[in-house]
Amino acid sequence: MFKIIHAEFLAPGVKRFVLEAPRIARKQKPGQFVILRIYEEGERIPVTIENSDPERGTISIVVQAAGKTTHLLNSLNTDDQILDVVGPLGKPSEIANFGTVVVVGGGVGTAMAYPTAAALKRAGNCVISIVGARNKELVILEPEMRAVSDALMITTDDGSYADKGFVTDKLRQLIENGTRIDLVVAVGPIVMMRAIAEMTRKENIHTVVSLNPIMIDGTGMCGGCRVLIDGKSEFACVDGPEFDAHRVDFAVLVQRNSMYREAEQRSLAEFHRCKTEERARELAHAVEPVVAREGEQR
Amino acid sequence: MTTTAKKSQNPLPMKERMKVPRQLMPEQPAEVRAHNFEEVNLGYDPDLAQQEAMRCLECAKPTCTDNCPVGVDVKAFVERIVVGDFLGAAAKVRESNVLPAVTGRVCPQEDQCEGTCLLSKKVKPLGIGYLERFVADYEQRMGTHILPNVTPTGKKVAIVGSGPSGLTVAGDLIQKGHKVRVFEALHEIGGVLVYGIPEFRLPKQIVREQIEYMREMGVEFETDVVVGRTVTIDELLEEEGYDAVYIGTGAGLPQFMNIPGEHFNGVYSANEFLTRINLMKAYKFPVYDEPMLDLTGRDVAVIGGGNTALDAIRSALRLGARKAYVIYRRSDAEMPARAEEVHHARQEGIDFQMLTAPVEFVSDGKGWLTAARCVRMELGEPDASGRRRPVPIQGSEFDLPLSVAVIAIGTSANPIVQSTTPGLGTNKRGYIQASEETQRTTRKGVFAGGDIVTGSATVILAMGAGRRAAKSIHDYLTTGDW
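Protein chains in written order, with this note's numbering: chain R, 2 to 299; chain P, 238 to 719.
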């Protein structure tokens with residue numbers, strides 16, 4: 002059992018949890034993730050580690066509600082427990098003094114980009130960060146990113162905050178302005194990472210992306226997270242999650258991530274239906290005497 | 238009195254014993270069990286067990302024990318069954334085997350204890366596996382296993398991996414008075430026994446009971462720890478105060494064939510396919526959240542001829558597959574699977590496409606598997622393994638329509654522990670180097686055994702390594718000699 006010692010929404014549908022996980026807190030490095038399972042019947046899902054505090058023995062994770070498990074997770078609060086949290090998994094980000102590094106965070110990907118940006122900054126790099134979101138409300142970790150960046154650029158798809166447009170527009174501007182870029186690190190939606198890879202390939206700028214395929218164990222045992230790298234299968238959990246963006250077959254990643262779409266939608270619909278019924282019951286109970294039912298004990 | 242003490246308790250005269258047929262294992266009818274996940278074999282009752290036990294020829298030099306990787310005293314436990322002392326028989330087995338209810342079900346007895354049984358020269362061998370299972374289940378039903386009385390030594394041992402090998406080390410060492418803690422990467426204890434072997438061959442309740450017994454003996458378990466990531470071997474030794482570490486992390490990474498189309502949706506590794514079913518209970522979706530592709534009315538094939546391959550395809554059949562194929566590039570004679578499993582699979586209607594190998598997977602153009610393009614093979618000269626090498630027959634290509642293909646061609650070494658433990662020697666395939674006799678690695682105080690040393694093998698061989706390791710860890714802890 003892993004206790005939630007703090008939970009707060011960073012944006013609608015995006016929640017940060019500080020978890021008691023002393024072993025993981027001691028070992029976590031930027032770029033790594035955890036796999037968690039909320040309850041006995043739950044699935045195992047990989048989740049970004051935003052930060053850790055080895056002294057307090059805590060890690061913080063950032064979760065965006067997408068499917069049933071993440072919706073359920075986001076309904077948890079301070080003092081609730083998570084059944085299993087395992088990690089830190091994956092290879093840490095390569096941290097060195099590369100020179101000038103552009104760190105791109107798209108949506109909730111910003112939470113994974115943040116520790117890497119911070120470490121790159123500490124390693125002496127000039128860090129230019131680009132954070133993108135659909136709208137103002139979904140821009141997360143702005144002050145944190147600002148604190149570890151020499152320059153921070155923000156875009157929103159709808160222009161409701163900062164500059165209207167996409168992170169790729171900013172990256173293009175940097176390239177067109179002749180900014181010397183030694184490395185690009187991009188974490189976010191697959192379409193974003195693919196677009197960045199296309200752009201930097203032409204410019205011959207080394208680019209690293211953090212991939213998010215479907216996973217179960219996270220230790221290399223199942224092979225479910227295999228991604229096509231230069232036409233060869235590699236496992237995101239042990240060989241990644243970060244890969245050279247120019248060697249990644251993004252089409253295969255999109256295709257493999259769609260494998261359970263039907264089941265995922267069914268799960269989520271069922272979850273929402275239950276939630277609605279639960280809410281209806283609560284309302285009904287407000288006027289009727291509560292009768293405990295045997296079947297609801299567990 | 239010493240002469241009478243050695244006198245056989247078996248009422249059946251020697252020459253009569255050969256005339257008693259091997260008692261059949263009661264089993265679920267094939268047409269019924271092909272549609273459920275309940276155990277195939279139902280187990281002997283006491284009468285059947287005693288009938289079978291009386292067939293034992295009580296050899297002066299029994300080879301069954303010699304051929305058992307953990308050295309179970311077969312003759313002695315069978316003798317106790319003959320006289321009706323079933324709990325005594327169970328205790329006898331437990332002296333050398335901490336997981337009798339498991340091995341009684343999953344050991345390839347035909348290659349071990351039963352393989353050299355004297356009876357098998359004339360008739361069928363003694364049903365040693367069936368008898369072992371009987372006494373273990375009997376003891377479990379009675380709920381009266383005897384806890385050994387031990388004096389604590391004050392030494393602490395960390396065990397990495399809770400599969401058959403690690404559990405054996407834990408069970409043996411706790412009985413020597415050492416403190417034992419087992420670290421498991423997954424959320425459930427048991428390793429391959431819970432994620433790999435399906436319910437119909439090894440009910441998870443059986444595994445849980447065996448583990449519960451170990452807890453009662455004092456073994457501690459910690460799940461959700463990936464040693465190498467969550468904590469390193471060096472930290473266990475230096476910071477957490479363990480006096481020795483045993484690495485039993487198991488088979489590792491699934492191998493793929495490196496043929497075109499392996500990334501299509503519908504192509505699974507056997508590890509993933511079985512983990513979704515056994516560990517994550519994906520077949521109970523949506524009660525359980527982990528999804529898997531719906532196999533109802535679909536055609537499914539497994540590629541490979543080992544136990545894992547058969548476990549996967551028989552699971553697919555139980556999940557409603559219309560056609561369930563085994564595609565194996567060699568012939569029946571070379572199939573590494575346990576004889577009983579092949580027999581059961583055939584009874585259930587699994588279609589064996591022998592001397593056949595896929596060369597490519599075919600999709601619908603949108604990334605979903607539709608067929609395996611296969612070639613037929615013929616057997617040529619023997620290869621390095623001593624088995625005749627399969628050679629493709631020119632022009633024999635054909636497409637086998639499939640919705641799901643499961644690749645069960647073996648595994649390679651998982652590098653997580655090796656790459657995070659300086660000075661831990663590995664061989665050229667990446668497996669950990671360990672002495673065959675003592676299971677010692679190149680690092681002082683660190684022992685290893687099971688699949689992470691040998692590559693994929695069987696539950697009982699991993700347990701054999703565990704036994705040797707436990708003995709040598711005990712020697713090391715008591716003498717301090719390395």
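Note that the Cβ used here is the ideal one computed from N, Cα and C, for glycine as well. Predicted model, so just to flag it, every value in this text is computed and none were measured.
Would you kindly work out how many angstroms separate the C-alpha atoms of residue i and residue j, rounded to a whole number?
| i | j | result |
| --- | --- | --- |
| P:T593 | P:R626 | 13 Å |
| P:I396 | P:V419 | 5 Å |
| P:A576 | P:G543 | 10 Å |
| P:T381 | R:D81 | 38 Å |
| P:L439 | P:Q349 | 19 Å |
| P:F437 | P:V277 | 6 Å |
| P:L511 | R:A246 | 32 Å |
| R:Q335 | R:F3 | Absent from the model: residue 335 of chain R. The displayed extent of chain R is 2 to 299, so no value can be given. |
| P:C611 | P:G489 | 27 Å |
| P:N334 | P:K416 | 19 Å |
| P:K312 | P:D688 | 29 Å |
| P:P374 | P:A558 | Inspection of the sequence shows that residue 374 of chain P is occupied by Asp rather than by Pro. If I take the Cα positions, the gap works out to 32 Å. |
| R:Y40 | P:K441 | 19 Å |
| R:E289 | R:N78 | Confidence at R:E289 is low in this model, with a pLDDT of 47, below 50, so its placement is unreliable and the value that follows should be read with caution. If I take the Cα positions, the gap works out to 28 Å. |
| P:H711 | P:W719 | 12 Å |
| P:F493 | P:C296 | 46 Å |
| P:G682 | P:E527 | 40 Å |
| P:V599 | P:F589 | 21 Å |
| R:V128 | R:G225 | 34 Å |
| P:G400 | P:D480 | 21 Å |
On the CB-based measure, 16 or more other CB atoms within 10 Å of its CB, does residue i come out buried or exposed?
| i | result |
| --- | --- |
| P:S622 | exposed |
| P:T240 | With a pLDDT of 43 at P:T240, under the threshold of 50, the modelled position of this residue cannot be trusted; read the value that follows with caution. Result: exposed. |
| P:Y367 | buried |
| P:M379 | exposed |
| P:M251 | exposed |
| R:D100 | Reading off the sequence, residue 100 of chain R comes out as Gly, not Asp. By the neighbour-count rule (16 or more Cβ atoms within 10 Å), R:G100 is not buried but exposed. |
| P:A645 | buried |
| R:E265 | buried |
| R:A12 | buried |
With 9 Å as the threshold, decide whether the Cβ of residue i is near any Cβ in chain P.
| i | result |
| --- | --- |
| R:L74 | no |
| R:R57 | no |
| R:R248 | no |
| R:L77 | no |
| R:P242 | no |
| R:G43 | yes |
| R:G110 | no |
| R:Q82 | no |
| R:Q298 | For R:Q298, the pLDDT reaches just 34, beneath the cut-off of 50, and the residue's location in the model is therefore unreliable, although a value from the coordinates is still provided. No, no contact with chain P. |
| R:L229 | yes |
| R:R181 | no |
| R:D85 | yes |
| R:V292 | Residue placement at R:V292 cannot be trusted, given a pLDDT of 41 that sits under 50; the coordinates are not used to answer. |
| R:M113 | no |
| R:K4 | no |
| R:E295 | Interpretation of R:E295 is limited by its pLDDT of 36, a score under 50 that renders its predicted location unreliable; no figure is taken from the coordinates. |
Residue i and residue j look like a contact to me (Cβ under 8 Å); what is the Cβ gap, rounded to whole Å?
| i | j | result |
| --- | --- | --- |
| P:I514 | P:Y520 | 5 Å |
| P:V429 | P:G485 | Wrong, their Cβ atoms sit about 11 Å apart, outside the cutoff. |
| R:A120 | R:L142 | Their Cβ separation, rounded to whole angstroms, is 15 Å, which puts R:A120 and R:L142 out of contact at 8 Å. |
| R:Q65 | R:G106 | That pair is no contact at about 13 Å. |
| P:T353 | P:C301 | 7 Å |
| P:L285 | P:Q260 | 5 Å |
| P:I470 | P:V654 | 7 Å |
| P:G541 | P:W605 | Contact doesn't hold; Cβ gap of about 22 Å is too wide. |
| R:R195 | R:F251 | 4 Å |
| R:M154 | R:K171 | 5 Å |
Beta-carbon of residue i versus every beta-carbon of chain R: anything under 9 Å?
| i | result |
| --- | --- |
| P:N515 | no |
| P:L490 | yes |
| P:R535 | no |
| P:S506 | yes |
| P:D461 | yes |
| P:M262 | no |
Item to complete: Could you name the residues of the stretch 264-278 of chain R whose beta carbon sits closer than 8 Å to any beta carbon of chain P, in the order they occur along the chain?
Response: A264, E265, R267, S268, E271
Worksheet item: Which residues, in order along the stretch 403-434 of chain P, keep a beta-carbon less than 7 Å from a beta-carbon of chain R?
Response: A422, L423, H424
Discussion item. Please list, in chain order, the residues of the stretch 202-215 of chain R that have any C-beta partner in chain P closer than 8 Å.
Written reply: none
Item to complete: Return the residues of the stretch 651-667 of chain P that lie within a Cβ-Cβ distance of less than 8 Å from chain R, sorted by chain order.
Response: N651, P652, I653
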